[in-house]
Each structure stands twice: as C-alpha cells, then as structure tokens.
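Asker: So for the sequence shown, the numbering used here puts the first residue at 471; every next one is plus one. In this text, a Cβ means the ideal position worked out from N, Cα and C, and glycines have one as well.
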Amino acid sequence: MHRSTLEQWRMFRAVVEHGGFAQAAEAIHKSQSSINHAVHKLQSQLDLQLLEVVGRKAQLTDAGELMLRRAEQLIEQAEQLEVIAGGLSRGNEPELRVAIDEIFPQHCLAEALASLSTEFPYTRVELVESVLSGGSERLLQGEVDLLVAGTVPPGFLGEPLMDVEFIAVSHPEHALHSLDRALNLQDLAAERQIVVRDSATGQRVDSGWLGAEQRWTVSHVATSIAMIRRGMGFAWLPMTRIDQDLKNGQLRELPLERGSRRRVSLYLVYADSDKAGPATCRLGELLTEQVQGS
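#1: Is it true that the CB of H644 sits closer than 8 Å to the CB of G701?
#2: Flag this pair as yes or no: are the beta carbons of V598 and A569 separated by less than 8 Å?
#3: Cβ atoms of D633 and R733: under 8 Å apart, would you say?
#4: I'd like to confirm the pairing. Which residues does DSSP put opposite P748 in its beta bridges?
#5: Locate the beta strand (DSSP E) running through F482, then write down its first and last residues.
#6: Could you check the C-alpha separation between Q714 and R722 for me, to the nearest Å?
#7: Would G681 and W706 qualify as a contact pair, given that the criterion is a beta-carbon distance under 8 Å?
#8: Which whole runs of the alpha helix (DSSP H) in the region 631-664 are 4 residues long or more, in chain order?
#9: Could you tell me how far apart the beta carbons of F704 and L658 are, in whole angstroms, since I believe they sit closer than 8 Å?
#10: By Cβ distance, which residues of its chain are closer than 6 Å to Q760, with the 5 residues on each side in sequence left out?
#11: For D668, which of helix, strand or coil comes out of DSSP?
#12: Give the DSSP bridge partners of T687, in chain order.
#13: Quick check on T687: buried or exposed, where buried means 16 or more other Cβ atoms within 10 Å of its Cβ?
#14: Put L518 into one of helix, strand or coil per three-state DSSP.
#15: Applying the 10 Å Cβ sphere with the 16-neighbour rule, what's the burial state of E563?
#16: Closest by CA to A638, which one among V614, C751, L716?
#17: Locate the alpha helix (DSSP H) running through Q714, then write down its first and last residues.
#18: Enumerate, from N- to C-terminal direction, the unbroken alpha helix (DSSP H) stretches of 4 or more residues contained entirely within the region 565-617.
#19: Might you give, ordered along the chain, the residues of its own chain that have their beta carbon closer than 8 Å to the beta carbon of K511, omitting 5 neighbours on each side?
#20: With a threshold of 6 Å on Cβ separation, who are the neighbours of S606 within its own chain once the five nearest residues in sequence on each side are excluded?
#21: Taking the continuous beta strand (DSSP E) assigned at Q673, which residues delimit it?
#22: Does the region 529-537 come within contact of the region 588-602, defined as at least 3 CB pairs closer than 8 Å?
#23: Express the C-alpha separation of Q543 and L476 in angstroms, rounding to a whole number.
#24: Any idea what DSSP makes of R700, helix, strand or coil?
#25: Cα-Cα, which of F636, S585, G729 is closest to R711?
#26: Could you give the DSSP three-state label for S769: helix, strand or coil?
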C-alpha cells in the first residue's frame, strides 16, 4: 500500500503556495488543524522533512523542493483523469477517426483541428489523408467516424461541403508552354503526366484525363506538386493546394483548347450521424465553418 495520499500532497502544496498553514486553510476551506495533521503525518510516513518554519512562514527544505515538483505532476495527472472521466460520462469520445481527402484546404483542416483540440483536449485524433476512393473505403470498412471525400459511399448520406477546382499546370518553362499556342490532347499525350494514385487498397478508381503515354504515378498530391515545380511533367492539380504557386509564378496554367479546368465536389459524411459523439459532431461543424469563412 502507498504510504501517502493524493489529498496529503494537495494540502502540502497549498501550504507552500500560500505561505503557511493558516493561509492554506483559508484558501482551500479546510481547518488549520486538519492541514497541519495531514502535512505532519505525510512527513512522518515518508520519514522526510519537507517543511521548516522560519519565523511565521513555512518554507521548503531541499528535499521538499524536489518532492513538490514531483507532487505537482501527480496532482496534475489526477486532475486530468477527473476531467477525462467527466468527458467520458458526458459521451465524449476517447478517440476520433477521420479521413480527409488531400484536396481539402490544408489551412481549413489545421484551423478546425486546432479549435477541436481546445474544446476536446483529451480526445485523440487519428487522421487519414486519403485520395479519391481511399477515404470511402475506410468508411465502408468501419475504420473512420467522419469522412470528407469526393464520393459518398452507398448506404450513407453526405452533406455538400465545397467544390474544388482542378487546373492543368506545369512549370513555366515546360516544353508545352514553348509551343506558344492553344494545346490539344495530342500535345499532352507526347509529354509526361504526373497522376496521384487512389489510396484505396481494394478496387481503385481513376479520375480525369489519363491519356499520356508516359505517365508517372505517385501516392500524394504534395509529391505531384513537387515534381511539377521541378519541370518533370504536367498535371491537373487542386487549386486548394497550388493557389500560391500560380500567384508567385512557380506554376503556370496550360493553355488547353478545352478541359484545362474541372470541378470536384467534396462531401461531409458521418459513419452514423445518430450515434456520433460530441467531438465528431463538433469537428464536422468546424470543418464546415472553416470552408464557409475562407
């Protein structure tokens, strides 16, 4: 059995914080005799002098300083346990699993998660960044509680969240720009296209034009952007990820005769809206608010 109790350490800390037994008793609404008894019993149980009275003020000994630092950690952890238990009793989820398509604006995601962490500090978040049908696959397999994706899986209802525009781009000095005219599909077919692989592990889907003979496939949008910046090919990339690159001239839109731009709708989908916990519902609200406010 442990020789000391959490309440003894709390009283010990109160005496140090408030400068004496009488002051601590007034601050934490305990009798001075109960605090005096608790602290003296603690020292006796530990066989260690934690406090010494100098004049009318209780001061820490060297050993007391070390023990107080450790006690504060113990008390803080106990308080966190009580907060977590209170949240769980109110239905707060201990973990939130969410899949977000990589074309969703990163700054909106970051702001939403930052707000969520403030409101639900003890809910763990497992974030999966998906491509095409990868997120829907995880939802169907029961692996996520909340999904943002371009498709709504069969049997689920999705709330329209936003439209994302894809633009055909390359490096400003890419050979396609040197033609100095409107480009056709034959022009594109002769060059290297960078495409992003569907992150699903089962049946994968393709999206957009895939007619280039020389095609490189990568797993992440960020990888595709990095390659295009280096002049290694062309791609249709989401405006949510390349807006600044177009403004600063790192990327340039290809002058296609038609089809240089296309739109993809993103939807917010709950695994079970009736059983969704407070953190899941709140994250859905925060994502929507960020999109509407951007």
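Answerer: For this structure:
#1: yes
#2: yes
#3: yes
#4: Per DSSP, none; premise fails for P748.
#5: Segment 476-488 is the alpha helix (DSSP H) holding F482; no beta strand (DSSP E) there.
#6: 11 Å
#7: no
#8: 645-648, 655-659
#9: 7 Å
#10: C578, E581, A582
#11: coil
#12: V665
#13: exposed
#14: coil
#15: buried
#16: L716
#17: 709-717
#18: 576-589, 604-610
#19: Q478
#20: A619, T621, P623
#21: Taken as a continuous stretch (DSSP letters only), Q673 belongs to no beta strand (DSSP E), as it is neither H nor E.
#22: no
#23: 11 Å
#24: coil
#25: F636
#26: Nothing can be reported for residue 769: it is not among the residues displayed for the chain, which extend from 471 to 764.
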